[in-house]
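Peer 1: Take a look at this one; I'll ask things after.
Numbering (our numbering), first residue to last: 349 to 624.
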């Protein structure tokens with residue numbers, strides 16, 4: 349955070365939600381009217397909204413420190429701690445494998461351990477793998493470029509992480525109305541699977557925020573983490589029931605992280621510094 353700058357979380361999230369929701373609900377309507385996939389011409393700009401709003405607020409801030417900080421966190425590889433990232437890249441696949449294993453006594457198939465033959469959704473004329481890549485990149489450019497710092501300037505790290513997780517979850521809401529999107533598919537398979545997706549985003553948001561902080565608030569690290577999560581969820585033939593179990597496992601992981609780093613999560617030192 350930049351002490352000399354007054355962050356505007358209300359303005360940021362309002363603008364981001366209005367832009368994304370407007371474009372995505374229009375895209376949802378178009379997805380049922382045209383089979384050519386042109387609705388993605390609305391979906392992609394909506395996906396870019398977190399970054400575009402962040403870029404606008406930073407570039408118009410008249411605060412050189414804020415601009416330099418964003419650029420530094422985007423391009424400075426030295427902020428990244430390889431050991432922390434490696435731990436994450438080990439823990440997250442394990443949560444998937446453990447979740448699948450725990451689903452077996454409930455009738456889950458061992459075929460879930462096999463690699464998926466394709467993606468679980470389609471995104472018009474944009475390849476699914478590119479959609480996953482663009483989503484992670486443009487989201488984190490916004491979430492870590494401005495959004496999370498704006499929340500942390502007002503709240504403790506725990507509260508900021510929780511609020512961010514909830515807002516991040518709600519930001520995805522219009523996707524359940526977009527034909528063939530992942531959220532649309534699981535919503536029509538079983539409404540509780542869609543509920544699980546939105547609930548599971550919250551503890552994942554806490555984990556990503558923590559990993560990002562431990563990597564010097566590197567935007568690049570956040571992008572790498574988000575990309576890995578997106579592709580990990582598509583890598584195996586994991587059922588939605590197993591993903592419900594995964595939400596519980598991820599929540600436990602988030603709770604362990606919180607318990608092991610209480611000082612950082614609940615410290616108010618940076619808030620006191622902001623008031624001085």
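Glycine included, every Cβ here is placed at the ideal spot set by N, Cα and C. Just so we're clear, the structure is a prediction, and the values are computed from it rather than from any experiment.
When burial is assigned at 16 or more other CB atoms within 10 Å of the CB, is residue 352 buried or exposed?
Peer 2: exposed
Peer 1: Measuring straight from C-alpha to C-alpha, what distance separates residue 377 and residue 405?
Peer 2: Near 30 angstroms, if we compare the C-alpha coordinates of residue 405 and residue 377.
Peer 1: I believe residue 517 touches residue 554 by the beta-carbon criterion, under 8 angstroms. Please report the beta-carbon distance rounded to the nearest angstrom.
Peer 2: In fact, because the Cβ distance is near 11 angstroms, the residues do not count as touching under 8 angstroms.
Peer 1: Would you list the one or two residues that DSSP bridges to residue 584?
Peer 2: 463
Peer 1: With three or more C-beta pairs closer than 8 angstroms as the rule, is the stretch 518-535 touching the stretch 567-580?
Peer 2: no
Peer 1: What is the residue span of the alpha helix (DSSP H) that residue 497 lies within?
Peer 2: Per DSSP, residue 497 is one residue of the alpha helix (DSSP H) stretching across 496-500.
Peer 1: On the premise that residue 578 lies in contact with residue 483, defined as a C-beta separation below 8 angstroms, what is that separation, rounded to the nearest angstrom?
Peer 2: 6 angstroms
Peer 1: Any idea if residue 624 is buried or exposed, counting beta-carbon neighbours within 10 angstroms, 16 or more meaning buried?
Peer 2: Any reading at residue 624 must be qualified, since the residue scores a pLDDT of 41, below 50, and its modelled position is unreliable; no value is offered.
Peer 1: Identify which residue in 576, 589, 572 has its Cα closest to the Cα of residue 425.
Peer 2: 572
Peer 1: If you draw a straight line from the C-alpha of residue 439 to the C-alpha of residue 429, how long is it?
Peer 2: Their backbone Cα atoms lie some 16 angstroms apart in a straight line.
Peer 1: The alpha helix (DSSP H) spanning residue 427 covers which residue range?
Peer 2: Premise fails: residue 427 is in no alpha helix (DSSP H) and is neither H nor E.
Peer 1: Between residue 469 and chain D, is any beta-carbon pair separated by less than 8 angstroms?
Peer 2: Considering every chain present, this structure includes no chain D. It has just one protein chain.
Peer 1: Taking the alpha-carbon positions, what's the residue 375 to residue 526 distance?
Peer 2: 7 angstroms
Peer 1: State the Cα-Cα distance for the pair residue 437 and residue 576, rounded to the nearest angstrom.
Peer 2: Rounded to the nearest whole angstrom, the CA to CA distance from residue 437 to residue 576 is 8 angstroms.
Peer 1: Check whether the stretch 450-463 touches the stretch 598-612, taking contact to mean three or more Cβ pairs, one atom from each stretch, closer than 8 angstroms.
Peer 2: No, the stretch 450-463 is not in contact with the stretch 598-612.
Peer 1: Can you tell me the Cα-Cα spacing of residue 503 and residue 382, whole angstroms?
Peer 2: 45 angstroms
Peer 1: Mind checking residue 478: buried by the 16 CB within 10 Å criterion, or exposed?
Peer 2: By the neighbour-count rule (16 or more Cβ atoms within 10 Å), residue 478 is not buried but exposed.
Peer 1: Using CA coordinates, which residue listed in 606, 538, 350 is at the minimum distance from residue 420?
Peer 2: 350
Peer 1: Is residue 601 buried or exposed, if buried means 16 or more other CB atoms sit within 10 Å of its CB?
Peer 2: buried
Peer 1: Considering just the uninterrupted stretch of the alpha helix (DSSP H) at residue 544, what are its terminal residues?
Peer 2: 539-562
Peer 1: Once DSSP output is grouped into helix, strand and coil, what is the label at residue 351?
Peer 2: coil
Peer 1: Would the beta-carbon of residue 598 fall within 8 angstroms of that of residue 551?
Peer 2: yes
Peer 1: Measuring CA to CA, which of 589, 491, 605, 356 is closest to residue 562?
Peer 2: 605
Peer 1: Using only the alpha-carbon positions, how far apart do residue 400 and residue 392 sit?
Peer 2: 12 angstroms
Peer 1: The alpha helix (DSSP H) that contains residue 386, what's its start and end?
Peer 2: Careful: residue 386 lies outside any alpha helix (DSSP H) and carries neither H nor E.
Peer 1: Report the three-state DSSP secondary structure of residue 381 (helix, strand or coil).
Peer 2: coil
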